[in-house]
Amino acid sequence: MSTPLLQPAFTDPVLDAQRGFRAALKALAGPGLIQTLHATPSLEGLAPATYALCLALLDADTPLWLAPAFDTPAIRANLAFHCGCPLTPRRETARFALLGAEDLLDLSGFEQGNDRYPDQSCTLLVQLPSLDGGAGLAWRGPG
479 MSTPLLQPAF TDPVLDAQRG FRAALKALAG PGLIQTLHAT PSLEGLAPAT YALCLALLDA
539 DTPLWLAPAF DTPAIRANLA FHCGCPLTPR RETARFALLG AEDLLDLSGF EQGNDRYPDQ
599 SCTLLVQLPS LDGGAGLAWR GPG
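So the sequence shown is numbered by the numbering used here: it starts at 479 and just counts up by one.
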């Protein structure tokens, strides 16, 4: 039997979205600090934390660009249904972008914002295979 296209989202939509949003704010305020999301749903192709962030951050006013690995019928249908976010084929019009590590080599076209209007930048949600191992990184930024 095949899996239905639409999958469950948060068990408690209001409280779970608030928890996800607070975790996102903490992560943005402290670059490099790992945040934990509890009671996260799963969706084929997305890590539970990635899906939870999408559910917490995306809405009808946040056009989303999907990297090819995430541009699947299940992801499209669930984000459209649960978040109501419009999907855009153009990086230039995206307010959010869903990427994998392999997509970080080319970030051209995404809005960077500026010091005066940082809110005009595109927020990149990057799903990584793991947070363990690999080269050490030095994080910096306005957070």
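For each residue, glycine too, the CB sits at the ideal point set by N, CA and C. Bear in mind the structure is a predicted one, so any value in this text is a computation, not a measurement.
C-beta atoms of residue i and residue j nearer than 8 Å
{"i": "G562", "j": "A534", "result": "no"}
{"i": "L544", "j": "L493", "result": "no"}
{"i": "A501", "j": "Q513", "result": "yes"}
{"i": "L603", "j": "F559", "result": "no"}
{"i": "P541", "j": "T566", "result": "yes"}
{"i": "I553", "j": "L524", "result": "yes"}
{"i": "L536", "j": "L506", "result": "no"}
{"i": "R569", "j": "F588", "result": "yes"}
{"i": "P519", "j": "A495", "result": "no"}
{"i": "A572", "j": "C532", "result": "no"}
{"i": "T528", "j": "Q590", "result": "no"}
{"i": "P551", "j": "L483", "result": "yes"}
Segment limits, beta strand (DSSP E) that includes residue i
{"i": "Q605", "result": "T601 to Q605"}
Element boundaries [alpha helix (DSSP H), containing residue i]
{"i": "R497", "result": "P491 to A507"}
Those residues which DSSP pairs with residue i across a bridge
{"i": "Q590", "result": "S599"}
{"i": "L515", "result": "DSSP, once it has assigned bridges, lists no residue as partnering L515."}
{"i": "L521", "result": "L524"}
At 3 residues or longer, and completely inside the region 536 to 587: list those beta strand (DSSP E) runs for me, N to C.
-> 542 to 544 and 574 to 578
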